[in-house]
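Everything on this sheet refers to the single structure shown next.
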Amino acid sequence: MSHSDSEIRDHGKEKVQFKIHNIELKAKKKITTPREIRRLKGKFPLFYKEIKLIQAVSVHNTDEVKRLLESGVNPNSTDSQLRSALHVAVSKGYVDIVKLLLDYGADPNTRDVILNTPLHLAACIHNFAIISLLINAKADVSCLDIHGRNPLQLASSKLEILQRGWREGAIEMTKLREEVQQVVDLLLSILIRGIEEKIEKSNQSDVDNLQIMKLSLNSGPPEELDDQMSKLLSDIEKFKLS
């Protein structure tokens, strides 16, 4: 079987890119001390900046992260385990840096060496604010966490825990309102995303009802909270993820 010149060229490019990628990973694994990082600065300035971005994210240095992104550093920079800057920010719960990275074009569906996406990590730590940000940025909502649950199932589990805690007097009202609002924001993110992509059973009336409920969470009487959680649990049963 013969191959065209373009196919041969493409294959050659892929081999070169694969070799470069392997060299980068090996180099990242060897960088363990500040001295090695300084040496890298002189030889590979762009590579050095990517490492600096990962470091700035890991210590929650938002100003440095923004400075590096504004200077053109790749928002999808990764470490030796292919964890992107977004993976690191999500795993640490840094909502502000997650938003910043997404604003600069970070890919919400990138995978690390064990195939985790940022959404997997957000689901594992039940950070609903970050889950909502990732979903709004087109993260794959069908991704499952380590227990095989998708974001809707996580929301249902969270509500059941909150409702049980409220009935047992184990959670105070202000905290409860805050936690339920995060669940509502998550559901809104999923529904609005569904409307944009014309996913079955996603409609504007559901969005409107959730937005009304969100407003009433802060103003309604405490005795309505239990009913609102029950309604949310019932509504979740109607939703589905494609």
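Reading the sequence shown from the start, the letters are residues 1306 to 1547 in my numbering. The C-beta atom is built at its ideal place from N, Cα and C for all residues, glycine as well.
Per the DSSP secondary-structure output, S1389 pairs in a beta bridge with T1383.
Residues of the same chain with their beta carbon placed closer than 6 Å to that of G1474 are lacking, with the five preceding and five following residues left out of the count. Annotated three-state conformation of G1499 is helix, per DSSP. Excluding residues up to 5 positions away in sequence, L1496 lie with their Cβ nearer than 6 Å to the Cβ of D1511 in the same chain.
Between V1489 and L1515 a beta carbon distance of about 6 Å is seen, short of the 8 Å cut, so the two are scored as contacting.
For N1379, the closest C-alpha among the options V1403, I1356, Q1386 is that of I1356. Less than 7 Å separates the beta-carbon of A1390 from that of S1382. Short of 8 Å from the beta carbon of V1370, and not among the five residues preceding or following it, lie these beta carbons of its own chain, in chain order: L1358, A1361, V1362, A1390, I1402, L1405, L1406. Assigned with DSSP and collapsed to three states, I1451 falls in coil, not helix or strand. Nearest in C-alpha terms to I1436, of all of A1394, D1417, D1540, is A1394.
Looking only at S1461, D1531, N1414, E1501, the smallest Cα-Cα distance to I1476 is reached by D1531. Within 10 angstroms of the beta-carbon of I1419 lie fewer than 16 other beta-carbons, which makes it exposed.
Taking the C-beta atoms as reference points, L1424 is found nearer than 7 Å to A1444.
Judged by their CB atoms, A1434 and V1400 are nearer to each other than the 7 Å cut-off. The C-beta separation of I1541 from S1494 comes to about 13 Å, leaving the pair out of contact by the 8 Å criterion. By the criterion of a C-beta distance shorter than 6 Å, L1491 is surrounded in its chain by F1433, I1436, S1437, A1460, once the five residues flanking it on both sides are discounted. Burial state of T1479 is exposed, judged by a 10 Å Cβ sphere holding fewer than 16 other Cβ atoms. For L1520, the number of other beta carbons within 10 angstroms of its own is below 16, and it is reported as exposed. Counting other Cβ atoms within 10 Å of its Cβ, Q1468 reaches 16 or more and is therefore classed as buried.
Where R1416 is concerned, there is no enclosing alpha helix (DSSP H), because DSSP gives it neither an H nor an E.
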